[in-house]
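Student: For the sequence shown, the numbering used here assigns the number 56 to the initial residue and increments by one for each residue that follows. Note that beta-carbon positions come from the ideal geometry of N, C-alpha and C, so glycine has one too. Just dropping this structure here.
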Amino acid sequence: MTIKRVVATDFWYSPLVTNELSRDEIFFMLYLKTNPQTSQLGIYKLPMQIMETQVQMPAAEINALLNSLQYNHDLIAYNRSTNEIAILEYLSYSILTGGTPVERILKREIHHVESLELLTKVQAKMTDYWHRSERAIDGCLAELFAKEIANRSRTEYADQLLADLHDFWSDYFTADLIDEAYKRSKYKNAPDQYAKTILTDWQKRGVTSLKDVQLADYDHFNQQASILSN
């Protein structure tokens, strides 16, 4: 079955079209809204090779159009590292009605987006619209983006923390010991400081293996049990 995308007819009456966008920019915006790679979310993969084939333009012209629509008109964002594009205000007109099936599609599609940067840019552009809207689907979208961005931000922070620990402590400990310190700290309020405290303590104790850690834990448990019994 052919997939259909919504394009608002007042697109042609907008000041951008009537006063600002060039003929090629108008054509390219319509292409970005309706090409076969589009998604319900408005963030999707669109490699340069596909654009060249579908619009029959050389890469240099396409790059010029992408840059103009992104930096001069603030209509899109393109991540060249992930080959993903976001139409920033797409969700203000692309969904006519909500409901469980639509929400499931949006949840699936947002999980497939690789670029956190594109998610945050769409959220920043759409937040005011979502807050003003009385539609249930817009409230769902605001919550969906907030949760996805928060989850990814925590994951990126955790990944960076682990990488920093390995960079700093790799001369003193093996990778499995650094990973163990990270596991013990990840659920604390200040995981970076807690991990450093653990590794500093192990360094003072002369810990060199996971077996040493187990013995140290056993000694600590016995000490605490002795204190409580007295």
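#1: Ordered along the chain, which non-local residues of its own chain (more than five positions away) have a Cβ less than 6 Å from that of Ala191?
#2: What is the rounded straight-line gap between the Cα of Asn134 and the Cα of Tyr273?
#3: Taking the beta strand (DSSP E) that Ala63 belongs to, which residues open and close that run?
#4: Taking the beta strand (DSSP E) that Glu189 falls in, what are its first and last residues?
#5: At 4 residues or longer, what runs of the alpha helix (DSSP H) sit wholly inside the stretch 208-268?
#6: On the CB-based measure, 16 or more other CB atoms within 10 Å of its CB, does Leu61 come out buried or exposed?
#7: Provide the residue(s) that pair with Glu139 in DSSP beta bridges, ordered along the chain.
#8: Do you know whose CA, among Ala119, Tyr99, Leu216, Ile98, lies nearest Asp79's CA?
#9: Are Ala141 and Ile105 touching if we call contact CB-CB under 8 Å?
#10: Out of Met84, Ile131, Leu220, Val177, state which residue places its alpha-carbon closest to the alpha-carbon of Gln248.
#11: Exposed or buried, Trp224, counting other C-beta atoms within 10 Å across all chains shown (16 or more means buried)?
#12: With DSSP as the reference, label Met181 as helix, strand or coil.
Tutor: Working from what's here:
#1: Start at 1 with the first residue of the sequence shown, and residue 191 comes out as number 136. The answer, listed in chain order, is Gly153.
#2: Numbered from its first residue, the sequence shown carries residue 134 at position 79. Numbered from its first residue, the sequence shown carries residue 273 at position 218. The alpha-carbon atoms of Asn134 and Tyr273 are separated by roughly 50 Å.
#3: If you number the sequence shown from 1, residue 63 lands on position 8. No beta strand (DSSP E) contains Ala63, which DSSP labels as neither H nor E.
#4: By 1-based counting over the sequence shown, the position of residue 189 is 134. Element bounds for Glu189: n/a, residue is neither H nor E.
#5: 230-240, 246-260
#6: Mapped onto the sequence shown, residue 61 falls at position 6. The sequence shown places Val at residue 61, rather than the Leu named in the question. The residue in question, Val61, is exposed, as its Cβ has fewer than 16 Cβ neighbours within 10 Å.
#7: As a working note, residue 139 is residue 84 in the sequence shown. DSSP output for Glu139 lists Lys100, Asn134 as bridge partner(s).
#8: Reading the sequence shown from its first residue, position 24 is the one you call residue 79. When each option's Cα is compared against that of Asp79, the closest is Ala119.
#9: On the sequence shown, position 86 is the one that residue 141 refers to. On the sequence shown, position 50 is the one that residue 105 refers to. Not a contact, by the Cβ cut-off of 8 Å.
#10: Position 193 of the sequence shown holds residue 248. Relative to the Cα of Gln248, the nearest Cα in the group Met84, Ile131, Leu220, Val177 belongs to Leu220.
#11: One-based indexing of the sequence shown puts residue 224 at position 169. Flag for Trp224 reads buried.
#12: Your numbering for residue 181 matches position 126 in the sequence shown. It is helical.
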